[in-house]
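See below for the structure under consideration.
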Amino acid sequence: MWDTFILNPMINALLILYDILGANFFLSIAVFTLLIRLLTLPLNLRQQRASMRMQEMQPEVQRIQKKYRDNPQKMQEEFQKIGYNPAESLLGCLPLLIQFPILIGLYRAILVVLGSTPQQLFELTQRVYDFIDLTDLLPIDNQFFWMNLAQPDPYFVLPVLVVITTFASQRLLTSARSSDDDDGKKKKKEEEDNPMAGMTQSMQYTMPLMFGFFALQFPAGLSLYFVLSNLVGVGQGWLIRRNMEEEASGPAPTMSAPEEAAQAGGGNSSDGKQEKASNKKSRSKSKSKGRSGRR
Amino acid sequence: MYAAKRPRLQPVILVLVVASIFLAACGAQLADQNWPGISTSDDIVYVAYGQGVVAIDISERRPLWSFPEEEAPGLNFFAAPSIGDEQIVLGDYGQSGGFFSPVATVTIYALENNGSSGEQPAQLWSRDDVATDRIIASPTQAATQVFVGTADNRLLALSASNGELQWEFETGHSIWAKPLYHEGVVYVASLDNVLYALRADSGDELWRRELGGSIASSPTLADGVLYVPSFDREIHAFDADSGDELWKAPAEDWVWGSPAVGNGAVYYGDVAGNFFAVDARSGDALWSRSVQGAIQSSPLYNDGVLYVGSGDIEGEEEEREGQVLALDADDGSEVWRRQTPAPVFTSPVRIGNNLVVAFLDVGVLQLLVYELDSGDLTWEYSPPSE
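If you read the sequences in order, they're chains C and E. The numbering of the first sequence is my numbering, which starts it at 0 and goes up by one. The numbering of the second sequence is my numbering, which starts it at 2 and goes up by one.
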């Protein structure tokens with residue numbers, strides 16, 4: 000089942016790409032990566048948007064948490080009103096998690112295609128579709144610069160790139176407010192108030208390290224896949240972020256009647272800060288509603 | 002406060018679970034696997050079977066020693082050891098540098114050849130700085146030199162006395178074929194489709210011939226002619242001195258194992274399970290037949306009989322079986338046949354009146370000894386499990 004639907008198609012796709020792309024296995028992996036990203040694009044887009052939205056809602060979420068700390072039921076109601084679902088905070092790392100089956104399949108596919116041992120090459124002959132003439136494709140060129148794509152990078156370059164690009168792609172999903180939050184104490188306080196956000200923050204650091212560790216042991220070809228995939232993810236995330244910012248900076252929404260009334264009621268206050276905060280809050284709310292509607 | 006702290010453990014747990022799944026899924030594939038490599042000297046067979054090399058006296062039916070003496074986790078040996086008068090040379094598949102190192106150390110060892118004394122052989126020298134990828138090809142010993150083909154595309158010439166690197170020659174891809182030495186010339190075949198003839202003393206190239214497919218096993222030399230198996234679905238005959246192609250003969254699929262030569266004929270099998278006999282001078286077909294499973298190893302010719310190993314290559318590993326066939330060299334008719342519990346992709350060898358067959362049955366070495374003429378099973382051996 001696994002072999003028929005995951006491993007063998009991957010092996011044959013890599014071989015076909017290798018044939019088409021002038022017997023360059025690096026290019027074969029690169030184009031394969033793009034195809035995988037294309038296949039998982041709808042899911043990735045949805046998750047990236049959801050993750051960014053969760054980050055943007057954090058100020059409002061924290062305010063509700065603080066206000067209804069002793070009344071969880073009311074807190075949930077308020078969360079529902081602004082369209083916040085705590086479980087969605089975890090969606091940011093889902094694109095990474097769903098890559099595991101792909102990584103496992105690709106790990107074996109690379110080893111089998113590159114046929115590093117006679118038995119692996121023998122196994123390859125059993126997995127190649129009839130319309131591919133393996134004799135013409137062999138031997139698969141396993142060199143890419145200083146690396147043997149079937150072995151780990153001996154100079155640590157790819158593991159470092161894996162860590163950096165994984166961190167960058169993760170960071171892009173979770174940094175909506177991080178530029179405003181240089182104060183470590185504030186961040187810590189925020190994590191205590193919102194454990195889910197804390198978890199996302201932790202994942203931001205643990206996932207890159209974990210994948211970097213894998214890259215120390217696994218074939219360079221797999222690490223290349225991961226670096227390229229991350230770079231595509233970073234570009235994709237940047238585009239989504241820009242899109243969201245453009246949406247956010249669009250025409251200011253009109254206030255709802257209750258908000259106007261509330262503001263009118265507090266009109267005697269001379270505290271400009273409070274007023275500014277209130278406006279910001281209402282914008283945020285409107286924005287949340289708008290996005291909830293699209294979902 | 003408790004509610005705020007608990008979720009911080011969750012990412013760690015999540016990461017550990019995911020990592021465990023990932024490593025469990027891949028871990029089974031991490032171990033290098035291959036077929037056992039086997040060589041003989043007098044009454045002894047030397048078998049590289051993964052975790053080590055074992056020397057077994059077939060006539061006395063007793064194991065003599067194993068190397069490494071202590072179990073070395075992560076270290077694999079599959080290349081057939083090279084047996085010389087003074088020393089035994091072997092190479093490993095490399096040992097991982099550990100969790101935090103991507104670099105594997107590949108080592109070539111020279112052990113004292115103490116015959117059938119049964120004593121653990123002393124290590125004469127070793128080199129762990131000349132190869133960067135697996136030693137898949139069996140090394141070859143000449144008078145004062147050792148030739149080692151590596152999976153990192155190089156043929157190494159080492160001093161037989163101390164392992165010093167004398168020269169190296171780079172090919173276009175991995176070397177899986179045992180180098181062949183003859184009268185000052187070393188012939189080496191590579192997966193890059195090329196057969197090279199090099200001067201043994203300097204490594205200078207004498208000639209090269211490119212074929213239409215990879216060459217995974219060494220040429221067979223007989224009467225000044227090199228018979229070369231290839232994935233191009235042919236075997237080729239070259240003049241050993243000039244490199245001129247004399248003839249080529251077809252197969253139906255890849256010819257992986259070295260051909261056997263005897264009785265004026267050349268015998269070879271392909272991975273589709275076809276077996277061929279052609280005239281050694283002209284390459285004209287004499288007879289052919291099919292056998293069950295794939296033929297990957299070299300046939301053994303002895304006194305008018307061919308011994309051929311084959312095996313299933315489809316289905317789950319545990320369910321794959323193999324067979325050993327004795328065929329009449331004149332017409333290919335079956336003399337006897339024995340089923341084996343796993344594919345036989347290691348060439349059968351002869352010790353006296355015994356035919357020795359080695360294979361890995363789900364990772365465990367099994368050595369079967371048959372009486373040469375009758376095919377009766379006379380002894381079975383597996384190394385004791387740790």
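All C-beta atoms in this analysis are idealised placements derived from N, C-alpha and C, irrespective of residue type, glycine included. Treat the numbers as computed from the prediction; the structure is a model and nothing was measured.
*Express the C-alpha separation of residue 158 of chain E and residue 167 of chain E in angstroms, rounding to a whole number.*
Locating residue 167 of chain E in the second sequence gives position 166, where the first residue counts as 1. Locating residue 158 of chain E in the second sequence gives position 157, where the first residue counts as 1. Approximately 5 Å, taken between the alpha carbons.
*Buried or exposed for residue 257 of chain E, please, with buried defined as at least 16 other CB atoms from any protein chain shown within 10 angstroms of its CB.*
For the purposes of this step, residue 257 of chain E is identified with residue 256 of the second sequence, where counting begins at 1. Classification of residue 257 of chain E: buried, given that the 10 Å Cβ count is 16 or more.
*Identify each residue in the region 34-55 of chain C for which the Cβ-Cβ distance to at least one residue of chain E is less than 9 Å, and report them in chain order.*
none
*By the criterion of Cβ-Cβ separation under 8 Å, what are the contact partners of residue 322 of chain E in chain C?*
Counting from 1 along the second sequence, the entry for residue 322 of chain E is found at position 321. Within 8 Å Cβ-Cβ: nothing; residue 322 of chain E doesn't reach chain C, min ~16 Å.
*Any C-beta of chain C under 8 Å from that of residue 235 of chain E*: One-based indexing of the second sequence puts residue 235 of chain E at position 234. With 8 Å as the cut-off, residue 235 of chain E does not count as an interface residue toward chain C.
*Per-residue DSSP class, three states only, for residue 85 of chain E*: Looking up residue 85 of chain E in the second sequence gives position 84. In this structure, residue 85 of chain E counts as coil in the three-state DSSP scheme.
*With a CB to CB cut of under 6 Å and the five nearest residues on each side skipped, what residues in its chain are close to residue 331 of chain E?*
For the purposes of this step, residue 331 of chain E is taken as the residue at position 330 of the second sequence. Nothing listed; no residue qualifies.
*Between which two residues does the alpha helix (DSSP H) containing residue 8 of chain C stretch?*
Here residue 8 of chain C refers to the residue found at position 9 of the first sequence. Looking at the DSSP string, the run of the alpha helix (DSSP H) that includes residue 8 of chain C is 7-19.
*Could you confirm whether any beta carbon from chain C is found closer than 8 Å to the beta carbon of residue 275 of chain E?*
Indexing the second sequence from 1 puts residue 275 of chain E at position 274. Output row for residue 275 of chain E: interface = no.
*What in chain E is Cβ-close to residue 132 of chain C, meaning under 8 Å?*
By one-based count along the first sequence, residue 132 of chain C stands at place 133. By Cβ distance, chain E contributes nothing, its closest Cβ being about 10 Å from residue 132 of chain C, past 8 Å.
*Give a yes or no on whether the minimum CB-CB distance between residue 180 of chain C and chain E is below 8 Å.*
Indexing the first sequence from 1 puts residue 180 of chain C at position 181. For residue 180 of chain C, the predicted model reports a pLDDT of 47, less than 50, meaning its position is unreliable; a value from the coordinates is still stated below. Answer no: the Cβ-Cβ gap between residue 180 of chain C and chain E never drops below 8 Å.
*residue 217 of chain E (DSSP reduced to helix, strand or coil)*: Here residue 217 of chain E corresponds to residue number 216 of the second sequence, with the count starting at 1. Three-state DSSP puts residue 217 of chain E in coil, outside helix and strand.
*Using a Cβ cut-off of 9 Å, which residues of the region 290-301 of chain E contact any Cβ in chain C, in chain order?*
295 and 297
*asked:* Which residue marks the beginning of the alpha helix (DSSP H) containing residue 45 of chain C, and which one marks its end?
replied: Mapped onto the first sequence, residue 45 of chain C falls at position 46. Residue 45 of chain C -> alpha helix (DSSP H) spans 40-55.
_Any chain C beta carbon closer than 8 Å to residue 52 of chain E_ = Looking up residue 52 of chain E in the second sequence gives position 51. No, no contact with chain C.
*DSSP state of residue 30 of chain E mapped onto helix, strand, coil*: Sequence index remark: in the second sequence, residue 30 of chain E carries index 29 (1-based). The pLDDT assigned to residue 30 of chain E is 41, lower than 50, so where the model puts this residue is not dependable; a value taken from the coordinates is nonetheless given after this. Looking at residue 30 of chain E - three-state DSSP - the assignment turns out to be helix.
*With DSSP as the reference, label residue 147 of chain C as helix, strand or coil.*
Walking along the first sequence from the start, residue 147 of chain C turns up at place 148. Strand, per DSSP.
*Can you name, in chain order, every residue of its own chain whose Cβ lies under 6 Å from the Cβ of residue 118 of chain C, other than the five neighbours on each side?*
Numbered from its first residue, the first sequence carries residue 118 of chain C at position 119. So the list is empty, once near-sequence residues are dropped.
*Name, in chain order, the residues that DSSP records as bridge partners for residue 249 of chain E.*
Within the second sequence, numbered from 1, the residue matching residue 249 of chain E stands at position 248. Per DSSP, E:237.
*Check residue 39 of chain E in the structure and name its three-state DSSP category.*
Within the second sequence, the letter at position 38 stands for residue 39 of chain E. In the structure shown, residue 39 of chain E sits in a strand (DSSP, three-state: E or B).
*Could you tell me which chain C residues have their CB closer than 8 Å to the CB of residue 305 of chain E, listed as they occur along the chain?*
Your numbering for residue 305 of chain E matches position 304 in the second sequence. Chain C residues near residue 305 of chain E: none, gap ~30 Å exceeds 8 Å.
*If we ignore side chains and look at the alpha-carbon of each, how far apart do residue 286 of chain E and residue 100 of chain C end up?*
Here the question's residue 286 of chain E lines up with position 285 in the second sequence. Here the question's residue 100 of chain C lines up with position 101 in the first sequence. Straight-line Cα distance between these residues: approximately 50 Å.
*Look at the Cβ atom of residue 294 of chain E, then the Cβ atom of residue 271 of chain E, and state whether they are nearer than 8 Å.*
As a position in the second sequence, residue 294 of chain E is number 293, starting the count at 1. As a position in the second sequence, residue 271 of chain E is number 270, starting the count at 1. Cβ distance not < 8 Å, so residue 294 of chain E and residue 271 of chain E don't count as in contact.
*Cross-chain neighbours of residue 135 of chain E in chain C, by beta carbon under 9 Å*: Working through the second sequence from its first residue, we reach residue 135 of chain E at position 134. Under the 9 Å cutoff, chain C gives 115 and 116.
_Cβ-based neighbour list, residue 154 of chain C, same chain, cut-off 8 Å, excluding 5 preceding and 5 following_ = Mapped onto the first sequence, residue 154 of chain C falls at position 155. Closer than 8 Å at Cβ, skipping near neighbours: 145.
*asked:* I need the DSSP call for residue 372 of chain E, collapsed to helix, strand or coil.
replied: Within the second sequence, the letter at position 371 stands for residue 372 of chain E. DSSP places residue 372 of chain E in strand when its eight states are reduced to three.
_residue 358 of chain E: first and last residue of the uninterrupted beta strand (DSSP E) it sits in_ = For this step, residue 358 of chain E is matched to residue 357 along the second sequence. Per DSSP, residue 358 of chain E belongs to the beta strand (DSSP E) from 355-362.
*Per DSSP, what kind of secondary structure is residue 2 of chain C in: helix, strand or coil?*
Along the first sequence, one-based indexing puts residue 2 of chain C at 3. Note: residue 2 of chain C maps to helix in three-state DSSP.
*Would you say the beta carbon of residue 142 of chain E comes nearer than 7 Å to a heavy atom of the ligand FMN?*
This structure lacks the ligand FMN; in fact it carries no ligand of any kind.
*Under a three-way DSSP split, which group does residue 452 of chain E fall into?*
Here chain E comprises residues numbered 2 to 387, so residue 452 of chain E is not present and cannot be evaluated.
_Taking only three categories from DSSP, how would you classify residue 117 of chain E?_
Residue mapping note: residue 117 of chain E aligns to position 116 of the second sequence, counting from 1. Coil at residue 117 of chain E, not helix or strand.
*Pull out every residue of the region 213-229 of chain C whose Cβ sits closer than 9 Å to any Cβ of chain E, in chain order.*
213, 214, 215, 216, 217 and 219
_Using C-beta distances below 7 Å, list every residue in its chain close to residue 41 of chain E, excluding the 5 sequence neighbours before and after it, in chain order._
In the second sequence, the residue the question calls residue 41 of chain E occupies position 40. Taken in chain order, the residues that qualify are 350 and 352.
*From residue 12 of chain C to residue 137 of chain E, what distance separates their C-alpha atoms?*
Working through the first sequence from its first residue, we reach residue 12 of chain C at position 13. Working through the second sequence from its first residue, we reach residue 137 of chain E at position 136. Taking the straight line from one Cα to the other gives about 28 Å.
_Closest to residue 276 of chain E by C-alpha separation, out of E:260, E:265, E:382 and E:377, would be which residue?_
On the second sequence, residue 276 of chain E is found 275 positions in, with the first residue counted as 1. The candidate whose alpha carbon is nearest that of residue 276 of chain E is E:260.
*Hey, residue 132 of chain E and residue 178 of chain E: beta-carbon distance below 8 Å or not?*
Here residue 132 of chain E refers to the residue found at position 131 when the second sequence is read from its first residue. Here residue 178 of chain E refers to the residue found at position 177 when the second sequence is read from its first residue. Their beta carbons are not under 8 Å apart, which means residue 132 of chain E does not touch residue 178 of chain E by this criterion.
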